[in-house]
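The structure under discussion appears below in the form of structure tokens.
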Amino acid sequence: MIVLKYEKSGRARFISHIDLLKHTERTIRRAGITVKFSNGFSPHPLLYFSAPLALGVSSSAEYLALDTDMSGEEVLQRYNSACQDGLRASGFFKCEKNPNLQGKVVCADYVFPVPYAKIDLSDGFKISYKKKGEIVEEDVGSKIYDVIDEDGKLCLRLATGNTNLRPDRLVDELNARFSSNMCATDVLKIRQFFLIDGAYVDVDDVLNTL
Numbered sequence: 000m001i002v003l004k005y006e007k008s009g010r011a012r013f014i015s016h017i018d019l020l021k022h023t024e025r026t027i028r029r030a031g032i033t034v035k036f037s038n039g040f041s042p043h044p045l046l047y048f049s050a051p052l053a054l055g056v057s058s059s060a061e062y063l064a065l066d067t068d069m070s071g072e073e074v075l076q077r078y079n080s081a082c083q084d085g086l087r088a089s090g091f092f093k094c095e096k097n098p099n100l101q102g103k104v105v106c107a108d109y110v111f112p113v114p115y116a117k118i119d120l121s122d123g124f125k126i127s128y129k130k131k132g133e134i135v136e137e138d139v140g141s142k143i144y145d146v147i148d149e150d151g152k153l154c155l156r157l158a159t160g161n162t163n164l165r166p167d168r169l170v171d172e173l174n175a176r177f178s179s180n181m182c183a184t185d186v187l188k189i190r191q192f193f194l195i196d197g198a199y200v201d202v203d204d205v206l207n208t209l
């Protein structure tokens, strides 16, 4: 099993997750990467992705696991030679089995292009956003796990998974608080985390031990 760490940036950040799945399968075929298939009446390539990224948000820390007997070096080289701009892989990890990133990642760090300021979450963090044509108001303070100074910019550690908090839904409230005019397309995901023994551990560090 080889896990590629790849970006989703530029025009590629507007590709939906479903379209990304189809595009990646075509990229794998075009690159000549040999991937194992599932059994049954409708075999499909054994590709496993990290959780979907909100449309328009960029990321430097997306992951794709491939069930293949090829070396990581060859998979990385072949993938990058065939992938679309904005989806280039920066490295790889070798694992004995599927690390189940979509099921085990619990949070991720997102950088917002505003100056860092400590946000007090003791009274919650109320936002409003449109969902299925209706305005929804929600206190998401419990889904913001940390407020981080990332090279002078605001970085928020947001829940992922069953208690997912989409970063694009914070943009309007942050614009009001910081008197800024950023868009969801200005947000960048930089890290993802597992929860191990009560501590958040970077996915890269976990994959290096598997």
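208 is the number that numbering that gives the first Met the number 0 gives to position 209 of the sequence shown; each next residue is one higher, with no gaps.
Even glycine gets a Cβ: it sits at the ideal position worked out from N, Cα and C.
Given 8 Å as the limit, is there contact between the segment 129 to 149 and the segment 14 to 30, that is, 3 or more CB pairs closer than that?
-> No contact exists between the segment 129 to 149 and the segment 14 to 30.
Which of helix, strand or coil DSSP assigns to Q191 | In the three-state scheme derived from DSSP, where H, G and I count as helix and E and B as strand, Q191 is classed as strand.
Round the Cβ separation of L88 and L3 to the nearest angstrom and send it over; I've been treating them as touching at under 8 Å.
-> For the record, residue 88 in the displayed sequence is Ala; it is not Leu. Yes, A88 and L3 are in contact; Cβ-Cβ is about 4 Å, under 8 Å.
Are M0 and E95 touching if we call contact CB-CB under 8 Å?
-> With contacts defined by Cβ atoms closer than 8 Å, M0 and E95 form a contacting pair.
Who are the near neighbours of I134 in its chain, counting only those whose CB is closer than 8 Å to its CB and skipping five residues on each side?
-> Taken in chain order, the residues that qualify are S127 and Y128.
Once you ignore the five residues that flank F193 on each side, which residues in its own chain have a CB closer than 6 Å to its CB?
-> So the list reads K103, V200 and V205, once near-sequence residues are dropped.
So which of F36, P166, L209 and L46 has the shortest CA-CA distance to L20?
-> If we check each option's Cα against that of L20, L46 comes out closest.
Evaluate contact between the segment 171 to 180 and the segment 57 to 66, counting only Cβ atoms and requiring at least three cross-stretch pairs below 8 Å.
-> No, because fewer than three Cβ pairs between the segment 171 to 180 and the segment 57 to 66 fall closer than 8 Å, the two stretches do not touch.
Compare the beta carbon distance of V105 and K152 with 8 Å and say whether it is the shorter of the two.
-> It is not a contact, given that the beta carbons lie outside the stated cut-off.
With 16 other CB atoms within 10 Å as the buried threshold, where does F13 fall?
-> Exposed, because fewer than 16 other Cβ atoms sit within 10 Å of the Cβ of F13.
Residue ranges of each beta strand (DSSP E) run of no fewer than 3 residues wholly in the segment 136 to 165, ordered along the chain?
-> The beta strand (DSSP E) runs of length 3 or more contained entirely in the segment 136 to 165 are, from start to end of the chain, 143 to 149 and 152 to 158.
Just the Cα atoms here: how many angstroms apart are G90 and V74?
-> Rounded to whole angstroms, G90 to V74 spans 10 Å at the Cα level.
What is the DSSP secondary structure of Y115, counted as helix, strand or coil?
-> In this structure, Y115 counts as coil in the three-state DSSP scheme.
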